[in-house]
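In our numbering, the protein residues as written are 5 to 197.
Okay, structure first, notes after.
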C-alpha cells in the first residue's frame, strides 16, 4: 500500500493557492472517482483509492506546509507504510504551469514542505511528483506568489490537461514503474519546451 501525500496549507483561505496544488490534485481524484470523504486523524486527513484493484491512501497534512513532515511521519506510523512507498505531490515554481516532473528521490529544491518531510523522515528517499505552477513574472515576492490563488483559466488547465498527466504518472509510480513514469513524462516535458 502506497501513501500518496498532496501538500498544501489547511484552511479555506488557502484552498486555491498555488502552494496547494497537491491538495487540489487529491480533491480532483476524490471527485473523479467518487471517493469517501476525507476523514480526520491526528494531524492529517485521509481517504482510500484503488488503482488496478490495489488500495492506496490519499493523505492531506493538516499542518502548515513548513511542518508537513510531522503529518507524514504520523501517517506513516499509523498506517505502517513501508519506506519506499511514499509519494509526495507538490507545487514547483521552477516548472511552468504545463509541466510535471517525477523523481525517485532528491533534494528539497528550496521547498519548505519537502525540507520538513526530509528532516522528519531522516531521508530524502521518497518519490515525488512536482506540479509546475510557474514563477513570478515581476518583482513579486515568491511567498506572495505561491500563496496567491490560481486564476480560473489555470484551474481549468490543471483539471483538463495537467492533472490527468499527474494521475497517469502516479498510477505508474504506485505500480512500481517509476522509471517508465520518468521517461514518459519528464521526456515529454522536455519536448514541449
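Virtual Cβ for every residue (Gly too), placed ideally from N, Cα, C.
Just checking my contact of residue i with residue j at CB under 8 Å: how many whole Å lie between their CB atoms?
i: residue 10; j: residue 27; result: 5 Å
i: residue 68; j: residue 13; result: 5 Å
i: residue 177; j: residue 131; result: 6 Å
Which residues does DSSP pair with residue i in a beta bridge?
i: residue 7; result: 61 and 90
i: residue 21; result: 153
i: residue 45; result: 48
i: residue 107; result: 132
What did DSSP end up calling residue i once you bin it into helix, strand or coil?
i: residue 136; result: strand
i: residue 56; result: coil
i: residue 118; result: helix
i: residue 31; result: helix
i: residue 95; result: strand
i: residue 131; result: strand
i: residue 13; result: coil
i: residue 144; result: coil
i: residue 101; result: coil
i: residue 112; result: coil
Short of 7 Å in beta carbon distance, which residues of its chain neighbour residue i, apart from the five on each side in sequence? Order them along the chain.
i: residue 158; result: 101
i: residue 190; result: 105 and 106
Of the choices the options, whose alpha-carbon is the least far from that of residue i?
i: residue 110; options: 99, 122 and 103; result: 122
i: residue 153; options: 24, 8 and 5; result: 24
i: residue 3; options: 79, 32 and 22; result: Residue numbering for the chain in the displayed model covers 5 to 197; residue 3 lies beyond these limits and cannot be assessed.
i: residue 89; options: 98, 138, 108 and 72; result: 108
i: residue 163; options: 135, 178 and 184; result: 135
i: residue 125; options: 76, 96 and 144; result: 76
i: residue 119; options: 64, 73, 180 and 50; result: 73
i: residue 48; options: 57, 61 and 54; result: 61
Excluding the 5 residues flanking residue i on each side, which residues of the same chain have their C-beta closer than 6 Å to its C-beta?
i: residue 87; result: none
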